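A.B. asks: Position one of the sequence shown corresponds to residue 20 (the working numbering), numbered consecutively onward.
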Amino acid sequence: MAGSIALFADTVHTVSDIAGSVLVWAGLRISLKRPTERFPYGFYKAESISALIVSIIILFTGIGILQDSMEKLFSPSVISFRILVIVVAIGSGLVSFSLARYKDRVGRETNSQALIVESRHSMTDVLNAVLVCSGVAFTYFNILWAEALAGFIIGLFILWSAFRFGKDSVFSLMDISVEPEIRTRIRDLMEKTPGVVGIHALKIRKSGPFMFAEAHIEVDKGTTVEAAHMIADTVENRVKNSVKTLDSVTIHIGLTHKQE
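Structural data, given as structure tokens:
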């Protein structure tokens with residue numbers, strides 16, 4: 020109604036937020052399903068898939084906004100209901116800020132990649148609101164192209180968000196290793212377990228909000244089979260109790276010729 024491309028861009032971005040939230044919810048619901056014979060490792064990757072779909076939606080949203088903004092940048096028009104546009108943008112920004120904080124908090128508590136992605140996506144709406152208000156405010160000084168420029172900047176920011184979030188989702192689907200800090204923490208816990216002489220071939224992969232680890236541990240040559248299995252169980256329990264997002268730990272036992 021007002022003819023504001025910046026507010027329209029913010030509207031399209033909000034619609035993509037709604038679609039993204041639905042997809043994230045669906046991904047989380049699927050990821051909570053119990054493992055089956057056909058899917059023995061569970062459905063955790065469903066969350067990463069939903070996050071990737073959200074990123075694709077954001078990508079096409081940004082491209083459409085850039086096209087519309089470019090057209091209006093070269094043929095600007097007068098904005099109607101400017102005060103109303105500013106009020107709506109401010110209200111939208113406040114709501115988006117509250118939602119972004121809430122999604123980020125819950126996402127970090129549950130280690131949900133998709134929910135954290137959604138929180139960052141919602142936070143961009145706060146910046147969008149600032150751009151809308153700034154662009155419309157410039158029209159009071161008869162700088163009509165500023166409002167279209169605000170829409171163009173919003174489009175660029177959306178494209179950057181799509182690339183960033185899409186990259187994280189793809190890396191997760193490709194079983195990227197965890198952060199070096201987490202890997203070092205898990206290795207230290209294993210090496211400091213009584214009875215463990217050495218450790219090698221430590222592999223840790225992320226699957227949705229959870230991690231899977233496997234490692235080869237070495238015990239002394241004189242260790243009995245029963246004692247070796249007790250050491251392996253102790254290693255598994257120590258690591259899982261310390262790293263809550265670790266779904267399972269697979270331990271392979273080997274003997275060493277190292278003497279005390």
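No residue lacks a Cβ here, since even glycine has one placed at the ideal position from N, Cα and C. No experiment lies behind these values; they were computed from the predicted model shown.
1. According to DSSP, is Phe27 helix, strand or coil?
2. Does the Cβ of Asn147 have 16 or more other Cβ atoms within 10 Å, making it buried, or fewer, making it exposed?
3. Going by DSSP, what residues sit across from His235 in a beta bridge?
4. With distances taken Cα to Cα, identify the nearest neighbour of Ser99 among Trp164, Met20, Thr253.
5. Our contact map puts Thr269 next to Glu233 with C-beta atoms below 8 angstroms; I'd like the distance itself, whole angstroms only.
6. Note down, in chain order, each residue of its chain lying with its Cβ closer than 8 angstroms to the Cβ of Ser153, except the 5 sequence neighbours on either side.
7. Return the residue from the list Lys91, Leu208, Val149 that minimises the CA-CA distance to Leu113.
8. Count the other CB atoms within 10 Å of the CB of Phe171; is the residue buried (16 or more) or exposed (fewer)?
9. Can you say whether Ile2 is buried or exposed, counting buried as having 16 or more other CB atoms within 10 angstroms of its CB?
10. Can you check whether the CB of Val31 is closer than 8 angstroms to the CB of Gly83?
11. Taking its Cβ as the centre, do 16 or more other Cβ atoms sit within 10 Å of His271, making it buried, or is it exposed?
12. When burial is assigned at 16 or more other CB atoms within 10 Å of the CB, is Ile173 buried or exposed?
C.D. replies: So, from the listed chains and residues:
1. Position 8 of the sequence shown, counting from 1, holds the residue named residue 27. In this structure, Phe27 counts as helix in the three-state DSSP scheme.
2. Here residue 147 refers to the residue found at position 128 when the sequence shown is read from its first residue. Its Cβ being crowded by 16 or more others within 10 Å, Asn147 is buried.
3. Locating residue 235 in the sequence shown gives position 216, counting from the first residue. DSSP, once it has assigned bridges, lists His219, His271 as partnering His235.
4. Here the question's residue 99 lines up with position 80 in the sequence shown. It is Met20 whose Cα lies nearest to the Cα of Ser99.
5. On the sequence shown, position 250 is the one that residue 269 refers to. On the sequence shown, position 214 is the one that residue 233 refers to. Yes, they are in contact, since the Cβ atoms of Thr269 and Glu233 sit about 4 angstroms apart, within 8 angstroms.
6. Locating residue 153 in the sequence shown gives position 134, where the first residue counts as 1. Ala165, Ala169, listed in sequence order.
7. Against the sequence shown, residue 113 aligns to sequence position 94. Among Lys91, Leu208, Val149, the Cα nearest to that of Leu113 belongs to Val149.
8. One-based indexing of the sequence shown puts residue 171 at position 152. With 16 or more other Cβ atoms within 10 Å, it is buried.
9. Because the chain in this structure spans residues 20 to 279, residue 2 falls outside the shown range and cannot be described.
10. If you number the sequence shown from 1, residue 83 lands on position 64. If you number the sequence shown from 1, residue 31 lands on position 12. In contact: Gly83 and Val31 (Cβ atoms closer than 8 angstroms).
11. Here the question's residue 271 lines up with position 252 in the sequence shown. His271 comes out exposed.
12. Your numbering for residue 173 matches position 154 in the sequence shown. Result: buried.
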